[in-house]
Every structure is written in structure tokens, then in C-alpha cells.
Amino acid sequence: MRRLFPVTDQTSSDQTDRAWSLDELAEAYAYPSLGPDGHWTRANMVSTLDGAAQHEGRSQPISGETDMKIFGTLRALADVVVVGAETVRQEGYRPARAREAFADRRAASGQGPAPAIAVITASLELDFSLPLFTSPLVPTLVVTGAAAPAGRVAEAVRAGAEVVVAGEGTAVDPARVVRELAERGLRRQLTEGGPRLLGQFVAADVLDELCLTISPMLTAGDAQRISGGPSVTVPHRLAPACVLEEAGFLFTRYRRI
4 MRRLFPVTDQ TSSDQTDRAW SLDELAEAYA YPSLGPDGHW TRANMVSTLD GAAQHEGRSQ
64 PISGETDMKI FGTLRALADV VVVGAETVRQ EGYRPARARE AFADRRAASG QGPAPAIAVI
124 TASLELDFSL PLFTSPLVPT LVVTGAAAPA GRVAEAVRAG AEVVVAGEGT AVDPARVVRE
184 LAERGLRRQL TEGGPRLLGQ FVAADVLDEL CLTISPMLTA GDAQRISGGP SVTVPHRLAP
244 ACVLEEAGFL FTRYRRI
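Residue numbers (my numbering): 4 to 260.
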């Protein structure tokens, strides 16, 4: 792993091609300090050189060992992982697990043993018999609108999920999602997509940071980009915060200006 940006006195010492420890990755991806009412929403996505966010419907084929290590680190730093229902179905989401390597760091930050998973869904068409709902270390949140199907809401509650209303109709309001989660003490927020959900966050201008892995692969085809949906009126510009490299993969962080 090499640090390419920012250039500091330590950058030259980061040029050796060695694996970084989990502590080094945690420092590189640490959340900013938050005030009493502050919160921070970051996204973690992977894209091929030709812009594909998936291959045959899944992100794993375009990922790599270090990308998965960073994926785990970002989860271990978060209070909550926000994900769309379609991604839960396609990627086979399971509950976040407690990781001993991050236990002291989480305790020092006042966090529980593992982040909660928050599933964004209008229809609640989810399999509530899955471990994500029946046996999480931290209760899974189902985030939906006030007009969501009452029967499905009741089924989610029976399965042990906590239902969070963050919209007036069936759909959710991304800005309200961020606020509702923060009011529950889930202030360090990480979204893993998918592209439709990330597009909604981008359009609502609630994204503070994008952690984007650029995979040294080409896939062609018609795979989705990392974000989709209606375009914004004026493109949102972010500033680079960090660029790491290993085995041809670029691990980038961009923050809102």
C-alpha cells in the first residue's frame, strides 16, 4: 500500500509496498471530530475503469483483497450502515459483526460492539426470516415512509427490526433519513449503496464524503454506475482528501467543499 495524496513529510515513508495494518487503515479513514449535534455521512463504492459499479449484478467480482479490508474498516468505524433494499437482496446482506481488532477503538468513541444496519425500503418486500433481521448483534433498522404497507411494517416489527419513518409517502426523504438516524445517536453514517440509493443521497446533497475504490478492470456491458437516478441541476464538486494505491487499485476519498 502506498499513499499518493496528500503529500506530507510521511508520504515518502509510505511508498514501500507493504500491507497496512488495521490500525493504519482506521487512522487513514477516521471520521472527523463531530460537535454535539454533528453527523457525517460517507459512501463507500467501487467502480471499474470504464465506470461499472457491478459485474453480473454484484460488486464482489470487481473488488479485491485490500478493498474488502477497507470495506471492513469503514464498517468498523461507523455507527450505522445504510443500504438499499435491492442491494440487501442482491448481495445477501448479513448482520454486521463485532471485530476484536476494533473493540477498543469503538469503546473509546462511545460506540457499541458493531454498527447497526439500516435498510431503506418503500415496499418492505424483504425476507424477514433472514439473519439480518432475526439474529443481529444490534437490531436492524427498516427505514421507510409513513404510507408504507401496514402489514409489512408489522411483520418487520415481529421479526425484531426497528421501523424508522423518514418520509411522508411510501418513499423516504434522504435528508430526513440522515436526521432520524443522527437523532438516535447514529451520527457516523456509512452508505454502501446501491447506485439508486447513492443517487438519491447525491440529489438531496446529504453526502459529506465519498470513499471510491477504482478497480483496474474493464467490463464493458451495461452495468450501473455508482450512482443513478435523476441528474442534479449543477454537478456537486468534491475535494480529494486521500489517495492510496495497491496492486493497481486506487483507494480514494473525496469530501464536500
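Beta carbons are placed, not taken as given, at the ideal position from N, Cα and C, and that holds for glycine.
Since the model is a prediction, treat every value here as computed from it, not as a measurement.
Can you tell which of 84, 167, 216 has the C-alpha that lies nearest to the C-alpha of residue 248?
-> Answer by Cα proximity: 216.
What is the DSSP secondary structure of residue 30, counted as helix, strand or coil?
-> helix
Leaving out five residues before and five after residue 78 in sequence, what residues of the same chain have Cβ atoms less than 7 Å from its Cβ?
-> 84, 99, 118, 193
Would you mind sorting residue 172 into buried or exposed? The rule is 16 or more other CB atoms within 10 Å of its CB.
-> If you draw a 10 Å sphere on the C-beta of residue 172, you find fewer than 16 other C-beta atoms in it, and that means exposed.
Run of the alpha helix (DSSP H) containing residue 77, from where it starts to where it stops | Residues 68 to 80.
Excluding five sequence neighbours on each side, which residues of the same chain lie with their C-beta closer than 6 Å to the C-beta of residue 264?
-> What the structure shows of the chain is the stretch from 4 to 260, and residue 264 is not part of that stretch, so it cannot be assessed.
With a CB to CB cut of under 7 Å and the five nearest residues on each side skipped, what residues in its chain are close to residue 60?
-> 93
Three-state secondary structure assigned by DSSP to residue 44 | strand
Residue 218 beta carbon less than 9 Å from that of residue 65 | yes
Give the range of the beta strand (DSSP E) segment to which residue 254 is assigned.
-> 252 to 259
State the Cα-Cα distance for the pair residue 63 and residue 200, rounded to the nearest angstrom.
-> 18 Å
Alpha carbon to alpha carbon, what distance is there between residue 178 and residue 207?
-> 7 Å
Roughly how far, in whole angstroms, is the beta-carbon of residue 220 from the beta-carbon of residue 7, given that I think they are within contact range, below 8 Å?
-> Not a contact, Cβ separation roughly 19 Å.
For residue 81, collect the residues of the same chain with a Cβ closer than 7 Å to its Cβ; drop the 5 residues on either side in sequence, then sort them by chain order.
-> 118, 191, 192, 193
Using alpha carbons as the reference points, say which of 227, 202, 110 lies closest to residue 239.
-> 202
If you compare alpha carbons, which of 243, 56, 120 is closest to residue 87?
-> Out of 243, 56, 120, the CA that lies nearest to the CA of residue 87 is found in 120.
Reference residue 33, options 244, 141, 260, 234, closest by Cα = The residue with the shortest Cα to Cα distance from residue 33 is 244.
Alpha carbon to alpha carbon, what distance is there between residue 21 and residue 197?
-> The straight-line gap from Cα to Cα measures roughly 31 Å.
Rounded C-alpha distance that separates residue 29 from residue 137 = 30 Å
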